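Student: Right, I'll just put the structure down here and ask away after.
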Amino acid sequence: MGFKLNRYQKEAVTHIDGPCLVTSCPGSGKTKVLTERAAYLIHQGIKQKNILCLTFTNKAANEMKERVCKSLGVKELDFFVGTFHSLCARMIRKIGPGRGCSANFNILDEKDQSDLIFQIARRLQNEVEYGQAKYIAHCLNYYRDQMEDFEWVEDALKLEPLIEIAKKYIEHCRNNSLLDFSGLIYENIRIIESDEDLKRKIQNTFKYIMVDETQDTNKAQFHLVNLLGGKWKNIMLIGDIDQSIYGWRGARYQNIQQFINDYEDCRVISLSKNYRSTPQIINVASKLIKCNTSHMGTQFETDNNDGQAVKCYSFKDQLNEADFVGRTAKRFIDEGGWDPEDIAVLYRVNKMSEPIEQAMVSRGIPYEVIGAWNFYDRKEVRDCLAMLKFLSNPKDGISFARICSFVPGMGAITIGKIENLAHEKNMTIVQACEEVKKSARSVNVTRACDKIQSIYGEKWDKSNPANCLKDLVNAFHYEQHILDKFGNTATERKDNIVQLIDSAGEYGGEDGGVSKYLQQVSLVTNNDKTKDGNKASLMSLHSAKGLEFPIVFMVGVEEDILPHKNAMADDPYAGLEEERRLCYVGLTRAKKILFTSWCKNRRRFGRYGNMTNNKCKPSRFLYESGLMKK
C-alpha cells in the first residue's frame, strides 16, 4: 500500500469478500481508502474487469482513476470508475439494442426535459406554464428514481391534460431514442431484470463493487447496486449519513441502514479521524450534528494541532457583512500570506452572492462563483451541440427546434407543422421538412427547409465529432449569426465554440464517436466545474460538498435562511434535520480558520420594487453548535 493508513483505514482497504459498510466523517481520507482498496484487490489477484467503482461526479471519478493508476504504476485502468449515469449510458449502448433501447441515443438534461414537455403540450394543443412543465418533469423523474408505479404520477398531477402530457413524454422518449437522467437508471434496471441470462452475465462481471457517497443514492441507484452485486455480495458502501443533503432530489440516507438490515453479515467499519480541520472546528461541527436523531453516533476526532477559535459575528445588514468578508479576506492575502484560492465564502442560496461579489470587486480580490454556471449551458455551446445531436438522432425535435432559432424562415408555426407531420406519419424531421416545403407559400420557409435538407441530407462521417461540429458550424454560418446578434461578446463566444470543437477531438476515429461524445457531454454537471486560476470561491453550501479550504466564511446563518423556511414546509422534522446536515457540511469545509455570521436586518426588494428591511434572528444552529449562548 502506497500510503500510511490508520488502523480503520487499513481494515477497510484489506477487506475483500462479503458486504461492508464504511462510515466516514468529513476529511477522514475515504478517497484514499477507495483507491487503495482497488489497488489492493488487484494485488490480491482479482481481475480488473471484475471491479466496479461508482462515484457521484466526474471530477471525483477522474481523481480516483489518477490515484489508482499511480498506485499501480500504470497509465490506464481496465475496470470502470465513474458515475451512475455514465455507467448506465455505457451499459445501455451494449444491452439496449433489441431490448427497447437504441445504442445511439441522445441524453436529455433538465432544460431539454422542459423543452420536450412544451413541445408535446403544443402537439396536444395544450398550454402549460413554466411551473407546470417543471412539475411534470419532477414527477416523471421522481416516479422512476423512487421506483414508483405510474399511478403515482397520475395522483401527483391530478389534471388529465397534464397526465396525458406525461404519458406522451415517456412514449416520445422511447420512440425517438431519447433518455433523461432518471431514464438511464430505470431502463437499465428494466432490461437487466427482464433477462435472467443477461443478469447472470453482468453479475459475473461485477464481482467487487464499491460505491462512494452512498448517502446520496436514491432508491433506483441503490436497487441497481444490489442488482449488479446480488450474486457475489462483495459490495462495499462508503458514506456519511451526516452529509446527506440532497433529499430534495430523491437521495435516501436510509439506504445505509437498509444495507445493514439486508445483509446480516455486513461488516461495519468507522473512519472517525478527521485529517482536515482543527479541533476547534471539529468541536463546533460535532456539537451541531449530534442534535440530529439520524446521527449514527460516530466519533469525530482529530490529531491536528490547535487552531483559532471559530468566530461568530452579527452585522447590521448584508452590506456590512459583505464589507467584513472583503476586508478580512484582503487582510489575509496582503498580510497573512494566503492566496485568494485559499478562501471560500459559503451561503445557503445563490442570490446571496451579489453583495459579496461587490465587496470582492471593490478590493481587487479575484473570485469565481462556483456551480452557478456551466460551460455547456452557454447559448452558443447549446446551439452547436443541438446541431450535432440532430445529426446523431434525426428524430430529436428538441434539437431541431433549437436549430430553427438561428435559421431564418423557421418560425413557431412552421416548426409546429413539421413536428406534427413527423409524428403523424412516423417520418424523420428532415423528411417532414420536404413535405412542408412542397406546400409552403413563403419563400423564406422554402429556403429554410432547403437548408435543413441540404445539410442533414448528406452522408456524414460520424466517427469524428470534431470534424462534424466544425462543418456544421460552417454550414449554418453560425459564427456570422453570433457576430450579428452578440457583437460585444462575439469573440468570447467564438472562443467557446473553438473550445467545444477541441473537446470533441478526443473522440475522433471511434466507431459511433459522435454518439459517444454527446453522451459524455450530457453527463457533465455543475458539480464537475473546476476553479480557473488563483481565485477566491463563492458558492452555495450544496456546491461546497466534497471541497475544502484553509479559510471559510459562512454568511447569512439566520432563521428562515439556514434552516431555510421552504425546506421545512412539507416535512418540518425531516427538513430541519437535512438543513442541519447542510450547515454541518459547510462548517467542515474549513481546514484552519472559520467565520460564521448573521445579519440583524436583511434588505430585500419588495414585490413592487421598494426596498424593505426585514428583521432577522440568528439561526438555531448557532446556538446548537455552541457559537452563541441563549
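In the working numbering, the protein residues as written are 964 to 1593. For glycine and all other residues, C-beta sits at the position ideal for the given N, C-alpha and C. The structure presented is a predicted model; accordingly, all values stated were derived computationally and were not measured.
Please report the distance separating the alpha-carbon of R1345 from that of R1456.
Tutor: About 12 Å.
Student: How long is the line joining the alpha carbons of Y1093 and Q1076, rounded to whole angstroms?
Tutor: One C-alpha to the other measures close to 12 Å.
Student: So, with DSSP's three-state summary, where would you put K1593?
Tutor: Note: K1593 maps to coil in three-state DSSP.
Student: Is N1356 buried or exposed, if buried means 16 or more other CB atoms sit within 10 Å of its CB?
Tutor: With 16 or more other Cβ atoms within 10 Å, it is buried.
Student: Measure from the alpha carbon of L1545 to the alpha carbon of each residue in Q1206, M1390, Q1281, then state which is nearest.
Tutor: Of the listed residues, the one whose Cα sits closest to L1545 is Q1206.
Student: In terms of residues, what are the limits of the alpha helix (DSSP H) holding S1316?
Tutor: 1316 to 1325 is the span of the alpha helix (DSSP H), which, as asked, contains S1316.
Student: Quick check: the Cα distance between V1037 and G1193, rounded to an integer number of angstroms?
Tutor: Between V1037 and G1193, the C-alpha separation is close to 30 Å.
Student: So what does V1174 bridge to, in DSSP terms?
Tutor: V1174 is bridged to L1017, L1200.
Student: What first and last residue would you give for the alpha helix (DSSP H) that runs through V1188?
Tutor: 1182 to 1192 is the extent of the alpha helix (DSSP H) around V1188.
Student: Thinking C-alpha only, which one of E1343, I1376, G1538, S1405 is nearest L1446?
Tutor: Checking every option, the nearest Cα to that of L1446 belongs to E1343.
Student: Curious, which full-length beta strand (DSSP E) runs of at least 3 residues does the segment 1067 to 1154 contain?
Tutor: List check, beta strand (DSSP E) in window: 1069 to 1071, 1141 to 1143.
Student: According to the neighbour-count rule (16 or more other Cβ atoms, all chains shown, within 10 Å of its Cβ), is Y1571 buried or exposed?
Tutor: Confidence at Y1571 is low in this model, with a pLDDT of 43, below 50, so the placement of that residue should be treated as unreliable; the coordinate-derived value is given next. Counting Cβ neighbours within 10 Å, Y1571 comes out exposed, since fewer than 16 surround it.
Student: When the Cα of K1348 is compared with those of I1296, S1466, M1502, E1284, which residue comes out closest?
Tutor: The sequence shown places Leu at residue 1348, not Lys. Of the listed residues, the one whose Cα sits closest to L1348 is S1466.
Student: Taking the straight line between their C-alpha atoms, what separation do you get for V1370 and L1463?
Tutor: In a straight line, the C-alpha of V1370 is about 21 Å away from that of L1463.
Student: Would you decide whether T1046 is buried or exposed? Buried here means 16 or more other CB atoms lie within 10 Å of its CB.
Tutor: So T1046 counts as buried.
Student: Please identify the residue among I1083, V1393, D1179 whose C-alpha is closest to the C-alpha of C1412.
Tutor: Ranking I1083, V1393, D1179 by Cα distance to C1412 puts V1393 first.
Student: Rounded to the nearest angstrom, what separates P1526 and P982 at their Cα positions?
Tutor: Between P1526 and P982, the C-alpha separation is close to 36 Å.
Student: Alpha carbon to alpha carbon, how far is E1176 from L1384?
Tutor: Distance between the alpha carbons of E1176 and L1384 is about 46 Å.
Student: What number of angstroms, rounded off, separates the C-alpha of C1150 from the C-alpha of R1107?
Tutor: For the record, residue 1150 in the displayed sequence is Glu; it is not Cys. So the alpha carbons of these two residues sit roughly 9 Å apart.
Student: Within a Cβ cutoff of 7 Å, which residues of the same chain sit near W1423, ignoring the five residues on either side of it in sequence?
Tutor: So the list reads L1354, C1431, once near-sequence residues are dropped.
Student: Please state whether the Cβ-Cβ distance between L1050 and I1005 is less than 8 Å.
Tutor: No. Outside cutoff.
Student: Between Q1088 and G1379, what straight-line distance do the alpha-carbon atoms span, to the nearest angstrom?
Tutor: Taking the straight line joining both Cα atoms gives about 10 Å.
Student: Quick one: which unbroken alpha helix (DSSP H) runs of 4-plus residues sit fully inside the segment 1337 to 1412? Chain order, please.
Tutor: Runs found: 1342 to 1355, 1360 to 1367, 1375 to 1387, 1392 to 1402.
Student: Identify which residue in K1033, A1002, L997 has its Cα closest to the Cα of L1017.
Tutor: Closest by alpha carbon: L997.
Student: Mapping DSSP to helix, strand and coil, what is R1583?
Tutor: It is helical.
Student: Measuring alpha carbon to alpha carbon, tell me which of L1125, A1499, Y1226 ends up nearest I1306.
Tutor: Looking at the Cα atoms, A1499 is the closest of the given residues.
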